[in-house]
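These protein sequences, in sequence, are chains A and B.
Using my numbering, read the first sequence as starting at 1 and increasing by one per residue.
Using my numbering, read the second sequence as starting at 1 and increasing by one per residue.
C-beta atoms are modelled at their ideal positions from N, C-alpha and C, and glycine is treated no differently.
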Amino acid sequence: MSAVAAEFAPPRRPGLLDRLSVRLHMQPRLLLALLLVPPVLWLGVIYLGSLFALLLNSFYSIDEFSGLVVPEFTLSTYGELVRPSNLDIVLRTVAMAACVSVASAFIAFPIAYYMARYAGPRAKAAYYLAIMLPLWSSYLVKVYAWKLILAKEGVVTWVANALGLGWLLDGVLALPVVGGPSLSSAYLGTFVVFVYIWLPYMILPVQAALERVPRSVVEAAGDLGAPPGLAFRTVILPLAIPGVVAGSIFTFSLTLGDYIVPQIIGSSRPFLGTVVLQLQGTAGNIPLAAAFTVVPILIMGVYLTLAKRMGAFDAL
Amino acid sequence: MSQSAAPAVRFAQVTRRFGAFTAVDSVSFDVADGEFFSMLGPSGSGKTTCLRLIAGFEQPTSGEVFVHGRPMAGVPPFQRDVNTVFQDYALFPHMSVWENVAYGLMVRGVAKAERRRQAEAMLDLVKLGAFADRKPGQLSGGQRQRVALARALVLKPRVLLLDEPLGALDLKLREAMQVELKALQRQVGITFVYVTHDQGEALAMSDRIAVFSHGRIEQIGAPRDVYERPATAFVADFVGASNVVDAATAERLTGRAAAFSIRPERIRLLAAGAAAPEGWVVAEGRVAEALFLGAATRLGIEAAGGHLAALVPNAEGAPPPPPGSPVRLAFDPRHAHSLEAAPLAAAAE
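Here you go:
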């Protein structure tokens, strides 16, 4: 009975909230402005602003005697950046990032392909969980765990010896450049840990790209006479490339900027991230640290331009 | 025209199950070489599964599919001499229109210049010659549909499979494409196996129609046969509008308790005092509702304890009777089709 009474009750007097609702409904621009101002402020002022402040520092220099930053425009810091020892660091980091990205792509693709094309809803959920689960635990914990796994007295050595494959591990570690006294103090170890840590960021975009390829498009390739291998090369792979590129943007740029993994696992030779940390921390050379951070930004810019020119995003 | 006496497509007791669901239930039929054969039915009736069985995307659970006499068991899609026009067109989004059309030629190892020449000739045939260098994303639905058609036809398949190719188009375009498709089929002389849920489309284009329901074929015949002489109540109801008259109502109308079907356009209204032609069934009724359709009016008439639809042409200056008015309806029993063993017309003679 009360429900019926409520239905026929006279409209109540509009309150403050009602009038605000009406106002916002009638003026969509006002609503849009209210919604957009906080994120735009955050992105524009705090995020991009601090980035520009950093870049500005790269055009200053440091007084060799007092150790103070001289706020005058100069390119001398960039002159310092292109010294052979510093270019070595850039080359080492880029090579590592490229290897990590390529390896991640090769490992991620079959997993993503299975998830997108064959897995049922339950299997897919299990896969998502398995891929996301490592992201829930602390990055530092994972890296230190890997140090124990890869150490000379660690799990890998133990398993290799137990299987009678100790000679193989020693052979791998005896390789020039990538090898070393143990996996945890070799480039190979750094590489393995990087691939482990960034792999989810490659699987998910590749899986999303493959999921967007309609089954009928793959069937059409077969219908037109293409055997599975040819259909894969000419249809599935080109349509998955935007996903691989998106994933490699993550794996590549995250490796370029990382300063923890190379410090804990590997040959302890400097990477871009570790150098920036040292320069702005212990050395107090903010301008050179800023100049070093420009390097990954430039590399990513070149990488995206090349990817776009090669048509990686055409199928989007 | 045909090189062999074997039919273009033969289904022999073909069954396809998905788990507990039987999509195609021991279906047998032949499609003659050069025929325009339609598989008509509501969604889930098994017609698309039949098409996919011919294309090779599905394998029969039991029974056998033959294409031009060759058993298709164990033959993958890429080794079958059939091509498909997909419902969603399935164009390759990263290739230009001509590359899409030339894809099958590329697979066969045709040189690039020759591929381009053949693709352009085929695009001219479907009136898209000017669009060769566009991407599929830049075309309208009707244009994409024709690219899909050109892509399948350029390989000169002996059988072309079409899965509701006009389903996504609007009415005007669909009608225009029906005419074009039929003309094209005559021009290229290829067997067309055409899946549709649109009975008007099937009637307009086909040489023969197979009407599907629940994984079985209810009737196979020429469009006129299927329309004029529906074999079952399902066909009568699904192909064109039809009055399905149950046995009790039939007894009150004709004196014989045998269910039959009759088309609304076969039911006439008699002017006051006019006599029905010799042998016709006449009944008194009352107009329940009237739907103005432009060329005709569709009347719902309560008569003999049943409900009958009548389609009355709209003559100039003679409005159809409004709802509530009493009418006298009549029909020739030869136009009524028994849905039981014995034909009604024979009994009335």
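- Under the Cβ criterion of 9 Å, B:Gln145 is not counted among the residues facing chain A.
- Close to chain A, meaning a Cβ-Cβ distance shorter than 9 Å, are the following residues of the region 68–99 of chain B: Pro76, Pro77, Phe78, Gln79, Arg80, Val82, Asn83, Thr84, Phe86, Gln87, Asp88, Tyr89, Ala90, Leu91, Phe92, Pro93, His94 and Met95.
- Assigned with DSSP and collapsed to three states, B:Arg146 falls in helix.
- Sequence-distant Cβ neighbours of A:Phe109 in its own chain, meaning closer than 7 Å and more than five residues away, are Val206.
- Look at B:Asp246 here: in three-state DSSP terms it is coil, with no helix or strand label.
- For B:Gln187, the number of other beta carbons within 10 angstroms of its own is below 16, and it is reported as exposed.
- Taking the Cα positions, B:Val159 is about 46 Å away from A:Leu304.
- By the criterion of a C-beta distance shorter than 6 Å, B:Lys47 is surrounded in its chain by Met39, Gly41, Val195 and Phe212, once the five residues flanking it on both sides are discounted.
- Not a single CB atom of chain A sits nearer than 9 Å to the CB of B:Leu125.
- In terms of Cβ geometry, B:Phe36 and B:Lys182 form a close pair [threshold 9 Å].
- Per DSSP, the continuous beta strand (DSSP E) segment holding B:Glu302 begins and ends at Ala296 to Ala303.
- The criterion of a C-beta distance shorter than 9 Å is not satisfied by A:Ile107 and A:Leu254.
- Cα atoms of B:Pro71 and B:Pro7: separation of roughly 12 Å, rounded to the nearest angstrom.
- For A:Pro227, the residues of chain B that pass the 9 Å Cβ criterion are Pro76, Phe78, Gln79 and Val107, in the order they occur in the chain.
- Only residues of its own chain outside the window of five on either side were considered, and among them Met96, Val261, Pro262, Ile265, Gly266 and Ser267 have a CB closer than 8 Å to the CB of A:Thr190, listed in chain order.
- Counting every other CB atom within 10 Å of its CB across the protein chains shown gives B:Asp33 a total of 16 or more, marking it as buried.
- Interface flag for A:Asp18 against chain B is unset, since no Cβ pair is found closer than 9 Å.
- Scanning the region 132–197 of chain A from its first residue to its last, the whole alpha helix (DSSP H) runs of 4-plus residues come out as 139–150, 155–162 and 166–173.
- Between the alpha carbons of B:Arg116 and A:Leu239 lies a gap of roughly 23 Å.
- In the DSSP annotation of this structure, B:Arg224 is not part of any beta strand (DSSP E); the continuous alpha helix (DSSP H) holding it starts and ends at Pro223 to Glu228.
- Going by C-alpha positions, B:Arg334 is about 14 Å away from B:Glu265.
- Bridge pairing for B:Ala210: B:Met39 and B:Ile220 [DSSP].
- In terms of Cα proximity to B:Ala152, the closest of B:Lys135, B:Val101 and B:Val126 is B:Val101.
- Here the C-alpha atom of A:Arg29 lies approximately 12 Å from the C-alpha atom of A:Val37.
- Beyond the five residues adjoining it in sequence on each side, A:Gly15 comes within less than 7 Å, by CB distance, of no other residue in the same chain.
- A direct Cα-to-Cα measurement between A:Ile131 and B:Ala222 gives close to 57 Å.
- Within chain A, the residues Ala220, Ala221, Leu224, Gly225, Ala226, Thr234 and Val235 have their CB atoms less than 9 Å from the CB of B:Tyr103, given in chain order.
- In the pairwise beta carbon analysis, the region 66–84 of chain B is classified as not touching the region 222–232 of chain B: fewer than three pairs are separated by under 8 Å.
- A:Pro238 has a beta carbon lying within less than 9 Å of a beta carbon in chain B.
- Using beta-carbon distances, B:Arg151 counts as an interface residue toward chain A, with a partner under 9 Å.
- For the pair B:Val126 and B:Leu161, the CB atoms are not nearer than the 9 Å cut-off.
- Closer than 9 Å to the CB of A:Ala231 there is at least one CB belonging to chain B.
- Just measuring C-alpha positions, the residue of B:Val226, B:Arg216 and B:Gly300 sitting nearest B:Asp207 is B:Val226.
- In the three-state DSSP reduction, B:Gly200 falls in the helix class (H, G or I).
- At a cut-off of 3 residues, not a single continuous stretch assigned as beta strand (DSSP E) sits fully inside the region 58–91 of chain A.
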